Amino acid sequence: MSFTTAPRAILFDLDGTLADTAPDLAAAVNRLRTDRGLAPTAYEILRPTASAGARGMIGAAFGLKPEDDGFDELRDGFLGYYENALMVHSSLFAGVGTLLAGLADNGLAWGIVTNKAARFTDPLMPLIGLDHAGCVISGDTTPHPKPHPAPLFEAARRLGLAPEQCWYVGDDLRDIQAGRAAGMRTVACQWGYCGTTEPASWNADHLVDTPETLLALVLESVDGVTLAA
14 MSFTTAPRAI LFDLDGTLAD TAPDLAAAVN RLRTDRGLAP TAYEILRPTA
64 SAGARGMIGA AFGLKPEDDG FDELRDGFLG YYENALMVHS SLFAGVGTLL
114 AGLADNGLAW GIVTNKAARF TDPLMPLIGL DHAGCVISGD TTPHPKPHPA
164 PLFEAARRLG LAPEQCWYVG DDLRDIQAGR AAGMRTVACQ WGYCGTTEPA
214 SWNADHLVDT PETLLALVLE SVDGVTLAA
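Sequential numbering from 14 applies to the sequence shown in the numbering used here.
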């Protein structure tokens, strides 16, 4: 895929991309385990699954899939615990503040497209310092969550841009799938959770290791360098 237009906006996934929310997600699922007399699951096991929300955390902690008996009860309990403790240990990843400020300083809009439901996203934004986003698209904002492109189309619409004027940055395969389906340049951020597959296998247009590297990449494009993949 080839892109000759510099970006006008950068769209981001939330969990594992801008925000390190895994500690609070892990605490919520481990409360379910202790409720049942089970030892907590090691954080190192839970962290890679954090971008997949309840499906990932319950899968890692209990070995259940959404179609399995008992999953719905665990999911509801997990979401209830998480909703009541959204911002105990969560924080922005190092360098994200500088990244977002650098985008704004160079006239670039930025927004968030997450599969996290609005009941969690809306209260979390001011708590974690992201309430100045140009748009926030939650998992239930449109009829289809990622990897469907509908949330990304809605983000571009709210920013008054064509999809091809936006880049999408995420730490999960479905982020890259959604971005490509929307016709956006895609960036896999390797500082995130990244699930159980290697980001290099996702066919993203770019792989970046730090927010600072991403900012340099964006500004290089804005300065008139044509990027092709």
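Note that beta-carbon positions come from the ideal geometry of N, C-alpha and C, so glycine has one too. Computed from a predicted structure; not experimentally measured.
| Neighbour-count burial assignment, V101, 16 or more Cβ in a 10 Å radius | An exposed status is given to V101, since fewer than 16 other beta-carbon atoms sit within 10 Å of its beta-carbon.
| said: Quick check for students: name the residue ranges of the beta strand (DSSP E) that lie wholly in the region 145-224, counting only runs of 3 or more. | reply: Listed in chain order, the beta strand (DSSP E) runs fully inside the region 145-224 are 179-183, 198-202, 219-221, counting runs of at least 3 residues.
| Going by beta carbon distance, what residues of the same chain come within less than 7 Å of E167, once the five residues before and after it are set aside? | Contacts found: I150, T154, T155.
| Which one of A22, D28, L232, L230 has the shortest CA to CA distance from N128? | Considering only alpha carbons, the answer is D28.
| When the Cβ atoms of the region 89-104 are set against those of the region 34-51, are three or more pairs found closer than 8 Å? | Cβ pair count under 8 Å is three or more, so yes.
| task | Please name the residue, chosen from A107, G142, P20, that lies closest to P224 on a Cα-to-Cα basis. | result | Among A107, G142, P20, the Cα nearest to that of P224 is on A107.
| task | With G120 as the anchor, note down where its beta strand (DSSP E) starts and where it stops. | result | It is not in any beta strand (DSSP E) - G120 carries neither H nor E in the DSSP assignment.
| In whole angstroms, what separates the C-alpha of L59 from that of S214? | Between the alpha carbons of L59 and S214 lies a gap of roughly 22 Å.
| field | Start-to-end residues for the beta strand (DSSP E) that takes in F25 | value | It spans 22-25 - the beta strand (DSSP E) in which F25 sits, taken as one unbroken run.
| field | Integer-rounded CB distance, given that L31 should sit under 8 Å from L121 | value | With a contact defined as Cβ atoms closer than 8 Å, L121 and L31 miss out at about 15 Å.
| beta strand (DSSP E) segments (min. 3 residues) lying fully within the region 81-140 | Qualifying beta strand (DSSP E) stretches, in chain order: 122-126.
| message | Since L24 and V126 should fall inside the 8 Å C-beta cutoff, what is the C-beta to C-beta distance between them, to a whole number of angstroms? | response | That belief holds up - the Cβ atoms of L24 and V126 are roughly 5 Å apart, short of 8 Å.
| Under the three-state DSSP convention, the category A73 falls into | Correct three-state label for A73: helix.
| message | Which residue wins for smallest C-alpha separation from A117, given the options A35, P20, E80, A217? | response | For A117, the nearest C-alpha among the options comes from P20.
| Among all the DSSP beta bridges, which residues are the ones paired with D33? | D33 is bridged to S104.
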